[in-house]
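Residue numbers (the working numbering): 699 to 953.
Idealized CB from N, CA, C, for every residue including glycine.
Bear in mind the structure is a predicted one, so any value in this text is a computation, not a measurement.
Below you can see the structure in the form of structure tokens.
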């Protein structure tokens with residue numbers, strides 16, 4: 699196990715990435731646990747305020763992300779400094795993305811349905827970093843052989859094709875598949891081939907006169923959402939703590 703770790707993580711310089719991912723996930727989980735305790739009025743934790751101003755944990759998160767990011771850029775991937783700054787960056791990113799929905803809506807939506815976007819972004823980010831750590835490269839560059847890399851034309855066409863597939867998937871309204879498709883080209887291929895989601899740019903522009911395609915798209919989307927929305931919400935409830943339905947916005951989230 700030690701030999702595998704040294705050969706696949708330490709030697710390629712992936713240790714900082716692994717440390718950043720680990721600290722990112724742990725920070726998010728600990729933060730959610732603390733905020734749930736604050737909301738329930740249990741434990742020693744309380745909201746942080748200064749002069750009547752509620753300090754969200756995204757504030758120290760931004761500071762730590764900036765420090766960790768610049769420190770990691772200035773450090774050696776194989777040195778102690780790179781590992782330390784990677785942990786700092788992971789902690790900061792965990793705090794920031796835990797309140798991603800608040801930044802997006804510019805409102806206190808932490809415990810509302812809109813706040814679920816934070817959980818979704820965190821899970822998606824962790825999955826992408828894990829794929830990158832496993833050896834996947836953006837836009838499928840890892841699928842190009844060394845001989846093909848020497849041929850600039852083949853290399854550029856491969857990147858351009860994968861980028862086009864990701865773009866088509868995105869304009870078809872499949873954001874998650876487009877993001878994952880930047881690392882796993884097969885996902886982008888599936889997203890680009892299948893029907894667009896209703897309301898997407900592709901559907902509005904290209905399905906305008908294709909009534910059958912528009913009807914199939916709506917039916918397929920309805921069946922997909924009916925099957926997976928409840929599963930996704932239960933998963934978000936489990937790790938995000940959305941046990942209670944909070945109507946509307948305006949409830950100050952704990953920090």
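Anyone know if the C-beta pair for residue 729 and residue 792 falls short of 8 Å? One thing to note: residue 729 has its Cβ within 8 Å of the Cβ of residue 792.
Starting from residue 930, trace the alpha helix (DSSP H) both ways and give me its first and last residue. Residue 930 -> alpha helix (DSSP H) spans 909 to 938.
Coil, strand or helix - residue 773 by DSSP: DSSP places residue 773 outside both helix and strand once states are collapsed to three, so it counts as coil.
Between which two residues does the alpha helix (DSSP H) harbouring residue 888 extend? In the DSSP assignment, residue 888 falls within the alpha helix (DSSP H) that extends over 883 to 891.
Where does residue 701 sit, in a helix, a strand or coil, going by DSSP? Helix.
Under a Cβ-count criterion, where at least 16 other Cβ atoms within 10 Å of its own Cβ denotes burial, should residue 709 be classed as buried or exposed? Per the 10 Å Cβ criterion, exposed.
Three-way DSSP call (helix, strand, coil) for residue 898 in this model: If DSSP states are grouped into helix, strand and coil, residue 898 belongs with coil.
With a 10 Å radius around its C-beta and 16 neighbouring C-beta atoms as the bar for buried, classify residue 808 as buried or exposed. Buried, since its Cβ has 16 or more Cβ neighbours within 10 Å.
Quick one: what does DSSP say residue 835 is sitting in, helix, strand or coil? Of the three classes helix, strand and coil, the one that applies to residue 835 here is coil, per DSSP.
Expressed to the nearest angstrom, what Euclidean distance is found between the alpha-carbon atoms of residue 900 and residue 864? Cα to Cα, the separation comes out at about 13 Å.
When 830, 856, 735, 919 are compared against residue 872, the one with the closest alpha-carbon: Just measuring C-alpha positions, the residue of 830, 856, 735, 919 sitting nearest residue 872 is 919.
Under the three-state reduction of DSSP, which class applies to residue 810: helix, strand or coil? Three-state result, residue 810: coil.
List, from N- to C-terminal side, the alpha helix (DSSP H) runs of 4 residues or more that fit wholly inside the stretch 707 to 791. Those alpha helix (DSSP H) runs which fall completely within the stretch 707 to 791 and span 4+ residues are 713 to 738, 756 to 772.
For residue 758 and residue 931, I'd like the C-alpha separation in whole angstroms. Near 29 Å, if we compare the C-alpha coordinates of residue 931 and residue 758.
Just to check my reading of the structure: residue 881 and residue 829 have Cβ atoms closer than 8 Å, yes? What is that Cβ distance to the nearest angstrom? 5 Å between Cβ atoms; contact.
Assign residue 771 to one of two classes, buried (16 or more other C-beta atoms within 10 Å of its C-beta) or exposed (fewer than that). Taking all protein chains shown into account, residue 771 has fewer than 16 neighbouring C-beta atoms within 10 Å of its C-beta and is therefore exposed.
Does the count of Cβ pairs from the stretch 907 to 925 and the stretch 848 to 862 closer than 8 Å reach three? No: fewer than three Cβ pairs fall under 8 Å.
Per the contact definition of three or more C-beta pairs closer than 8 Å, is the stretch 762 to 769 in contact with the stretch 779 to 787? Yes, since at least three Cβ pairs between the stretch 779 to 787 and the stretch 762 to 769 fall closer than 8 Å, the two stretches touch.
Tell me the residue span of the alpha helix (DSSP H) that contains residue 879. It spans 873 to 879 - the alpha helix (DSSP H) in which residue 879 sits, taken as one unbroken run.
If we ignore side chains and look at the alpha-carbon of each, how far apart do residue 821 and residue 928 end up? One C-alpha to the other measures close to 17 Å.
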